[in-house]
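As structure tokens, the structure follows; a few thoughts come after it.
In this note's numbering, the protein residues as written are 572 to 946.
This is how it looks when you write it as structure tokens:
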């Protein structure tokens, strides 16, 4: 099979992204990311559970990056250990530890098929009126995007997708799983076609950066949530081919629970950046996520645990990550993103405080902003 994940592009559905995609490591993304996604689909198909299920998108990405998937035998004790080894290798965090090609996965699945009894003579197609196999599986099973006719299939039979066949086989009896696994390998062709289609979506040419939510107990830290968003807006606006919504348009959403798709339509943008800031003393936790609002798809997400003194560097890092995520979609010079307007984190925080009070558009706010700007 040919490679379908385009190197340098971070796209994907949360729960099926590889660790390198979830971390925005665009230079490390290749066909082995597709193998990780395949492993997620195989895991969900045989267990009816997602391999990495978090409370929200950020939590899911954290699990993909840092936590191993539960054993499939925790949900299905009757499944062979060989299948567990195949799934575990597909879901390895390090691309070098995964199968290096989907052909390697197919070879392993065929080997598993040979090891199990009852493998011969099992039909891999079903009649259209079959009561046992005709129903589409339910319960959260991910179906292959293409319905495939196995090699040697006969006309007049109804071909089944890889996921459909696996579930049907497991329901029938344990031995049918062996043949079903072989069909999964063939279904990888359909998966590859899906992944290729996923990577050919229309380029993102516009973005809105919403004020970050202040999750701190200290109201004085509001300047951080507004200031970080405002700084990112300015830096991203340096990209000549990227339309960035101005602060006057996005700050009306401050403190509100928003629907990304609805907000995206209201602002007329393709992507939305949102996030949260929590300050505890000198410690900052910043979570950010970039969503393609046209497809309600997470493009990138990250959590940063930093000191307050590192806020300036973190702001630059987030901007770089976003541009890295969109770099094959946006052309033009990016010098404005890399430019250092100050090396002093203290001066940067005074500037953010000044901007925060200035944006209140009150006499008292203007006076306080001047005090901060003059320090």
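C-beta: ideal position from N, C-alpha, C; glycine also. These numbers come from a predicted model, not from an experiment.
For residue 796, name the three-state secondary structure that DSSP assigns. In the structure shown, residue 796 sits in a helix (DSSP, three-state: H, G or I).
May I ask you to report which of helix, strand or coil DSSP gives residue 608? It is helical.
Measure the alpha-carbon distance for residue 804 versus residue 814 and round it to whole angstroms. Residue 804 and residue 814: Cα-Cα distance of roughly 10 Å.
Looking at the unbroken alpha helix (DSSP H) that takes in residue 950, where does it start and where does it end? With the chain represented from 572 up to 946, any question about residue 950 goes unanswered, as that position is not in the structure.
Residue 950 lies in the beta strand (DSSP E); which residues open and close that run? With the chain covering only 572 through 946, there is no way to say anything about residue 950.
For residue 851, which three-state DSSP category applies? Of the three classes helix, strand and coil, the one that applies to residue 851 here is strand, per DSSP.
Measure the alpha-carbon distance for residue 596 versus residue 653 and round it to whole angstroms. For residue 596 and residue 653, the distance between alpha carbons rounds to 31 Å.
Cβ atoms of residue 802 and residue 783: under 7 Å apart, would you say? Not in contact: residue 783 and residue 802 (Cβ atoms no closer than 7 Å).
Whole angstroms are fine: how far does the CA of residue 879 sit from the CA of residue 849? About 11 Å.
Taking the DSSP output, what are the residues bridged to residue 843? Partner(s): 779, 862.
Per DSSP, what kind of secondary structure is residue 658 in: helix, strand or coil? In the structure shown, residue 658 sits in a helix (DSSP, three-state: H, G or I).
Starting from the Cα of residue 846, find the closest Cα among 831, 854, 840, 838 and give me that residue. Measuring from the Cα of residue 846, the nearest candidate turns out to be 831.
Please state whether DSSP places residue 875 in a helix, a strand or coil. Residue 875 falls in the strand class under three-state DSSP.
With DSSP collapsed to three states, give me the class of residue 809. In this structure, residue 809 counts as coil in the three-state DSSP scheme.
Could one say the Cβ of residue 635 lies closer than 7 Å to chain D's Cβ atoms, at least one of them? Included in the structure is just one protein chain, with no chain D present.
Using a Cβ-Cβ cutoff of less than 6 Å, which residues in the same chain neighbour residue 611 once the five nearest sequence positions on both sides are dropped? 587, 622, listed in sequence order.
Taking 7 Å as the threshold (C-beta atoms), are residue 872 and residue 629 in contact? Yes, these two residues count as a Cβ contact at 7 Å.
Best match in 631, 633, 638, 684 for proximity to residue 657 [C-alpha to C-alpha]: Of the listed residues, the one whose Cα sits closest to residue 657 is 684.
Report the three-state DSSP secondary structure of residue 814 (helix, strand or coil). In this structure, residue 814 counts as strand in the three-state DSSP scheme.
Pairwise C-alpha distance: residue 869 and residue 600: So the alpha carbons of these two residues sit roughly 16 Å apart.
Short check: CB of residue 643 to CB of residue 655, under 7 Å? Contact flag set, yes.
CB contact flag (residue 616, residue 585, <7 Å): With respect to residue 585, residue 616 sits apart: the two C-beta atoms are not nearer than 7 Å.
If we call anything under 7 Å between Cβ atoms a contact, is residue 862 one with residue 843? Going by C-beta atoms, residue 862 is nearer than 7 Å to residue 843.
Which of helix, strand or coil does DSSP assign to residue 584? Coil at residue 584, not helix or strand.
Supposed contact pair residue 779 and residue 949 - C-beta distance, whole angstroms, cut 8 Å: There is simply no residue 949 to check, as the chain begins at 572 and stops at 946 in what is shown.
Taking the beta carbon of residue 637 as the centre, do at least 16 other beta carbons fall within 10 Å, making it buried, or is it exposed? Under this definition residue 637 is an exposed residue.
Classify residue 631 as helix, strand or coil using the three-state DSSP reduction. Here residue 631 sits in helix by DSSP.
Using the rule of at least 16 other Cβ atoms within 10 Å of the residue's Cβ for burial, across every protein chain shown, is residue 646 buried or exposed? The residue in question, residue 646, is exposed, as its Cβ has fewer than 16 Cβ neighbours within 10 Å.
Under three-state DSSP, which class holds residue 678? If DSSP states are grouped into helix, strand and coil, residue 678 belongs with the helices.
In whole angstroms, give me the CA-to-CA distance for residue 661 and residue 818. About 44 Å.
Residue 603 versus residue 681 - alpha carbon distance: Residue 603 and residue 681: Cα-Cα distance of roughly 20 Å.
To the nearest angstrom, how far is it from the Cα of residue 589 to the Cα of residue 607? Between residue 589 and residue 607, the C-alpha separation is close to 6 Å.
Residue range of the alpha helix (DSSP H) that residue 593 falls in? Secondary structure note for residue 593: its alpha helix (DSSP H) is the uninterrupted segment 590-593.
What's the C-alpha gap between residue 891 and residue 686? If I take the Cα positions, the gap works out to 50 Å.
For the alpha helix (DSSP H) that residue 882 lies in, which residues bound it at each end? 882-897 is the span of the alpha helix (DSSP H), which, as asked, contains residue 882.
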